[in-house]
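Quick note, the sequences are listed as chains G and P, same order. For what it's worth, the numbering used here labels the leading residue of the first sequence as 1, then goes sequentially. For what it's worth, the numbering used here labels the leading residue of the second sequence as 309, then goes sequentially. Don't be surprised by glycine CBs; every beta carbon is placed ideally from N, CA and C. Presented below is the structure to which this report refers.
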Amino acid sequence: MVSKPSIPQQSVGKGKWHKPHLPLPFILIFPSILVLSIVILYPLISSGVLSLFHYELTNPDDMKFTFLKNYQMMFHDDTFWASLKNTLFFTGFSVVISLVIGLWGAIVVDQLPEKFSGLRGFLLLPWVIPGVIVGFLFMLMFDVEIGVANVILQNAGIIKKFLPWLMQAQLAMIAVIIANIWNQVPFYILMFSAGLKSIPMDVKEAAICEGASRWQEFRHVTLPYLKGIMVITSLLMVIRNFNNFPIIYTMTGGGPVYSTTTLVIYIFRLAFEQFNIGYASAIGIVWCIVLLAISMIYVKILYKQDEL
Amino acid sequence: MFGKKTFGVIAALMVCTLSLTGCGSSKTTGDTATQKEEITFVNWASAEESSRPYINKVIEDFQTQNPNITVKSVPIAISDIANQLTIMTMGGNAPDIAQINVNEGVTLASMGGILETDSLVSKDLATDSYFKKSWDLGLYKDKHYGIPWIPQPQGFWYNKVLMKQAGLDPNKPPKTVVELKAALDQARKNLPSEDLMIGLDTTIRTIGLDQEWPLIRSFGALPVDGTKVAANSPQMIEYATWLRKMVKGGYTLPGKKFGEFRPIAAQNHLLFMIDEPQFKGIVQSLDKTLTDDKFYEQWGVTSVPAAADGKIYSAPDDHHLVLFKASKHQASAMKFAEFLANSESAFKDYNAKIGVLPATESGFKKYPDIFGDATRKTYVTDILPNVVPLPVGPNLAKVSTVIMAGMQEVITTDKAIPAILDSVQTKLEGIINGQ
Chain G
1 MVSKPSIPQQ SVGKGKWHKP HLPLPFILIF PSILVLSIVI LYPLISSGVL SLFHYELTNP
61 DDMKFTFLKN YQMMFHDDTF WASLKNTLFF TGFSVVISLV IGLWGAIVVD QLPEKFSGLR
121 GFLLLPWVIP GVIVGFLFML MFDVEIGVAN VILQNAGIIK KFLPWLMQAQ LAMIAVIIAN
181 IWNQVPFYIL MFSAGLKSIP MDVKEAAICE GASRWQEFRH VTLPYLKGIM VITSLLMVIR
241 NFNNFPIIYT MTGGGPVYST TTLVIYIFRL AFEQFNIGYA SAIGIVWCIV LLAISMIYVK
301 ILYKQDEL
Chain P
309 MFGKKTFGVI AALMVCTLSL TGCGSSKTTG DTATQKEEIT FVNWASAEES SRPYINKVIE
369 DFQTQNPNIT VKSVPIAISD IANQLTIMTM GGNAPDIAQI NVNEGVTLAS MGGILETDSL
429 VSKDLATDSY FKKSWDLGLY KDKHYGIPWI PQPQGFWYNK VLMKQAGLDP NKPPKTVVEL
489 KAALDQARKN LPSEDLMIGL DTTIRTIGLD QEWPLIRSFG ALPVDGTKVA ANSPQMIEYA
549 TWLRKMVKGG YTLPGKKFGE FRPIAAQNHL LFMIDEPQFK GIVQSLDKTL TDDKFYEQWG
609 VTSVPAAADG KIYSAPDDHH LVLFKASKHQ ASAMKFAEFL ANSESAFKDY NAKIGVLPAT
669 ESGFKKYPDI FGDATRKTYV TDILPNVVPL PVGPNLAKVS TVIMAGMQEV ITTDKAIPAI
729 LDSVQTKLEG IINGQ
């Protein structure tokens, strides 16, 4: 005889009602939800509250409710606007250039004969190196005295005397973008390689049979297939670059002056060097809103892809 | 049935987890039977390769002499210690005692996190023994908040070999800013381009401002003085103009920390340097062939060139010890602080080894074999008396950021200097007026 599985049910007898048992999945998920709420929601709400106060760690007794004053201050803060501009510049250039190099790299890797398949793993190396180490490596490479970048450029006849890469506003931004691109290109290669593998061969063959040139096949077959993955990867990297801290901080510390100070560096300096927690929280909230908007676009596109 | 069983398993797991974590957190810091106390000592001495073995030896000696006290050393990098201590204090996780840069003591005192030490320090040490200048650097609102450990005034190091090559008298280092400017110009003309004329820290750090402060003052400028701001004064414009010339004219390298000039000095490519007493030890450690005799043949030290009125300035980079209000072992922490500041063991195993001054005048006099060398004598007699604290109070980090960002703008752009300094002035006024 097969015993009946016990199903929680209301007992009618003796006029008593038993509460239904909590479903097992809920019990198992509850600790995770609790931890995530504490780890994510609490700091977010706490930052929101702190952003409405004048609060400096160096003078904690002088904590005052100032409502939106910190947000108003942002409009008149040159450094905030410079940081926002730098963030957009750093993110924009990093993503666009990495995307182009990544696409090119993926196509090259895709064409490689099987015996070179090990190269794919080798190409991933920069991606797995921590940002702090990448920052230090490139800081040395762009050093005005001993940097290999100056030596190469001088030997190639491009520059006459060594350039102070990390001490000139435009050059410093270029240097951190180069370091960042080097670090993240493998991710693009990985994503695009996966995308290239998913293109049906018969479609490509059909295009070639129809007389399409290599460029036309790429333009009208490969690229449309990769479009979705390009959008998703780019959005993901926009979010990542908005948050990029270690490479910039180790290479320039946000300098010279504020030329490589991005929002995340500015928030760090305000909160942990100047201890201006109220104002840092306000900028943090604005930064979160911008990132949230980008993330929503990302999720929307992701769902669209799934529907296709 | 299924529900009860599952619930039972989950409950059992939770009990196990809680009991395991509970066991971990109930660990006490001391053995109550022997009243052993553990004090937490946050410091950068044990974070740095060059000083770690020596501080560990001193801690070991202290524990041997005080078997009821254990010192738990927490290494934190010098550049992070101020913000780490601030966060630890605000988070209710302050250590018992910490090593700090004296300029940061005021910030911690203003937060209300550290103990006032006037009543804690042994009377004979406070009034008779600590170098008064160093002891008074810990003043905040007329009370002392720090215990001097290592006085680190900024002196003026000059390279006699390069001075000779440049046609300068190696026994007559520049005594005033006017002489300094002339010597630099002459040396720049006569020395090869790979030689640097002066080591100046132009990073956006409090320590950057600290290193430039004696020269800023010698130029007659005083960008901030309590609630007064004069960042765009003619004297400050003169200093900024000179600084721009130093960078653009190839006299110094931009964006370098002052510690990064020491290897250049060790390679005999640096003419002048504003640095601390340990410059000698570090240069010697970088060039092992430099014996004391050879070092003194090459390098000399004196006070920073004076201002037009003859006044000499030096900025402090002293290491102080601070005790935290939240400490449950204040007496033990105090005992340890005085051991570090004024014990034979600390003098011999730490101060002597890393080439620094003692905190106490009595120690300086009592151990001539350790502290009687030419460098330390010059620092104690000629440089230490001219130390002036940075008059910025708890706003040090903000003020330093603004001034040094301004200086970076001066050296990395061609913008008009008065316009840059006007902007610095506006920002500093905002900070001082609490806006």
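* Asked: How far does the alpha helix (DSSP H) with residue 643 of chain P in it reach, from first residue to last?
  -> Its alpha helix (DSSP H) spans residues 638-650.
* Out of P/660, P/698, P/692 and P/668, which has the shortest C-alpha to C-alpha gap to residue 681 of chain P? -> Nearest option by C-alpha distance: P/660.
* Asked: How should residue 352 of chain P be labelled, buried or exposed, when 16 other C-beta atoms within 10 angstroms of its C-beta is the threshold for buried?
  -> Its Cβ being crowded by 16 or more others within 10 Å, residue 352 of chain P is buried.
* **Pair within 8 Å by beta-carbon distance, residue 654 of chain P and residue 647 of chain P** => In contact: residue 654 of chain P and residue 647 of chain P (Cβ atoms closer than 8 Å).
* **Alpha-carbon to alpha-carbon, residue 673 of chain P and residue 79 of chain G** => One C-alpha to the other measures close to 51 Å.
* **Beta-carbon proximity check, residue 415 of chain P vs residue 702 of chain P, cutoff 8 Å** => Yes, the pair counts as a contact, with Cβ atoms nearer than the cut-off.
* **Beta carbon proximity, residue 249 of chain G to chain P, threshold 8 Å** => Not closer than 8 Å to any Cβ of chain P, the Cβ of residue 249 of chain G fails to qualify, so no.
* Per the contact definition of three or more C-beta pairs closer than 8 Å, is the segment 168-182 of chain G in contact with the segment 80-100 of chain G? -> Touching, yes, given that three or more Cβ pairs across the two stretches are closer than 8 Å.
* Asked: Which ranges does the beta strand (DSSP E) cover as unbroken runs of at least 3 residues, wholly within the segment 567-612 of chain P, from first to last along the chain?
  -> Runs of the beta strand (DSSP E) lying entirely within the segment 567-612 of chain P and spanning at least 3 residues, in chain order: 578-583 and 607-610.
* **Boundaries of the beta strand (DSSP E) in which residue 377 of chain P is found, first to last residue** => Counted as a single uninterrupted DSSP element, the beta strand (DSSP E) harbouring residue 377 of chain P occupies residues 377-383.
* Chain-ordered neighbours of residue 471 of chain P on chain G, where CB pairs are closer than 8 Å -> Correct list: empty, because the minimum Cβ distance to chain G is about 23 Å.
* State the start and end residues of the unbroken beta strand (DSSP E) segment that holds residue 456 of chain P. => For residue 456 of chain P, the enclosing beta strand (DSSP E) covers residues 455-458.
* To do: For residue 454 of chain P, collect the residues of the same chain with a Cβ closer than 6 Å to its Cβ; drop the 5 residues on either side in sequence, then sort them by chain order.
  => Cβ within range, chain order: 413, 446, 628 and 630.
* Whole angstroms is fine: what's the gap from residue 564 of chain P's alpha carbon to residue 570 of chain P's? => Roughly 11 Å separates the two Cα atoms.
* Among all the DSSP beta bridges, which residues are the ones paired with residue 422 of chain P? -> Partner(s): P/632.
* **Sequence-distant residues of the same chain with beta carbon closer than 7 Å to residue 693 of chain P, five excluded per side** => Within the same chain, Cβ atoms closer than 7 Å to the Cβ of residue 693 of chain P are found at 441, the five residues on either side in sequence being excluded.
* Does the Cβ of residue 331 of chain P have 16 or more other Cβ atoms within 10 Å, making it buried, or fewer, making it exposed? -> Confidence is the limiting factor: at residue 331 of chain P the pLDDT is only 39, short of 50, which leaves the residue's position unreliable, though a coordinate-based value still follows. Under the 10 Å beta carbon count, residue 331 of chain P is surrounded by fewer than 16 other beta carbons and is classified as exposed.
* Asked: Which runs of the alpha helix (DSSP H) spanning at least 4 residues fall entirely within the segment 240-303 of chain G, listed in chain order?
  -> Within the segment 240-303 of chain G, the complete alpha helix (DSSP H) runs of at least 4 residues are 246-251 and 263-272.
* Asked: For residue 546 of chain P, which of P/349, P/471, P/715 and P/684 has the nearest alpha-carbon?
  -> Measuring from the Cα of residue 546 of chain P, the nearest candidate turns out to be P/715.
* To do: For residue 407 of chain P, write down the residues that DSSP places opposite it in a beta bridge.
  => Under DSSP, the beta-bridge partners assigned to residue 407 of chain P are P/629.
* Report the residue ranges of all alpha helix (DSSP H) runs contained in full by the segment 56-101 of chain G; include only those spanning at least 4 residues, in chain order. => Fully enclosed alpha helix (DSSP H) runs of 4 or longer: 69-75.
* With respect to 7 Å, is the separation between the Cβ of residue 280 of chain G and the closest non-hydrogen atom of the ligand PLP below this value? -> Questions concerning the ligand PLP fall outside what the structure shown contains, since it holds no ligand whatsoever.
* Asked: Using a Cβ cut-off of 9 Å, which residues of the segment 230-255 of chain G contact any Cβ in chain P, in chain order?
  -> Hits within the stretch, in order: 252, 253, 254 and 255.
* In chain order, what residues of the segment 551-564 of chain P put their CB closer than 8 Å to some CB of chain G? -> Those residues of the segment 551-564 of chain P that come within reach of chain G (Cβ to Cβ, closer than 8 Å) are 561, 562 and 563.
* Would residue 727 of chain P be called buried (16 or more neighbouring beta carbons within 10 Å of its own) or exposed? -> By the neighbour-count rule (16 or more Cβ atoms within 10 Å), residue 727 of chain P is not buried but exposed.
* Just reading off the beta strand (DSSP E) that residue 464 of chain P is part of, what are its end residues? -> From DSSP, the beta strand (DSSP E) with residue 464 of chain P extends over 463-467.
* Are three or more beta carbon pairs between the segment 596-611 of chain P and the segment 464-484 of chain P nearer than 8 Å? -> Enough Cβ pairs lie closer than 8 Å, so yes.
* To do: Scan the segment 36-62 of chain G for residues whose Cβ lies nearer than 8 Å to a Cβ of chain P and list them as they occur along the chain.
  => From the segment 36-62 of chain G, only 57, 58, 59, 60 and 61 have a Cβ closer than 8 Å to chain P.
* Asked: Excluding sequence positions up to five away, which residues of its chain have a Cβ less than 8 Å from the Cβ of residue 28 of chain G?
  -> Nothing listed; no residue qualifies.
* residue 233 of chain G by DSSP, collapsed to three states: which one? -> Here residue 233 of chain G carries a helix assignment [DSSP, helix/strand/coil].
* To do: Measure from the C-beta of residue 449 of chain P to each C-beta in chain G and report whether the shortest distance is under 8 Å.
  => The C-beta of residue 449 of chain P comes no closer than 8 Å to any C-beta of chain G.
* **Span separating the alpha-carbon of residue 266 of chain G from that of residue 34 of chain G** => Between the C-alpha atoms of residue 266 of chain G and residue 34 of chain G there is a straight-line separation of about 31 Å.
* **Distance between residue 189 of chain G and residue 326 of chain P (C-alpha atoms, nearest Å)** => Only weak support is given to the placement of residue 326 of chain P: the predicted model assigns it a pLDDT of 43, under 50, and the question is left unresolved by the model.
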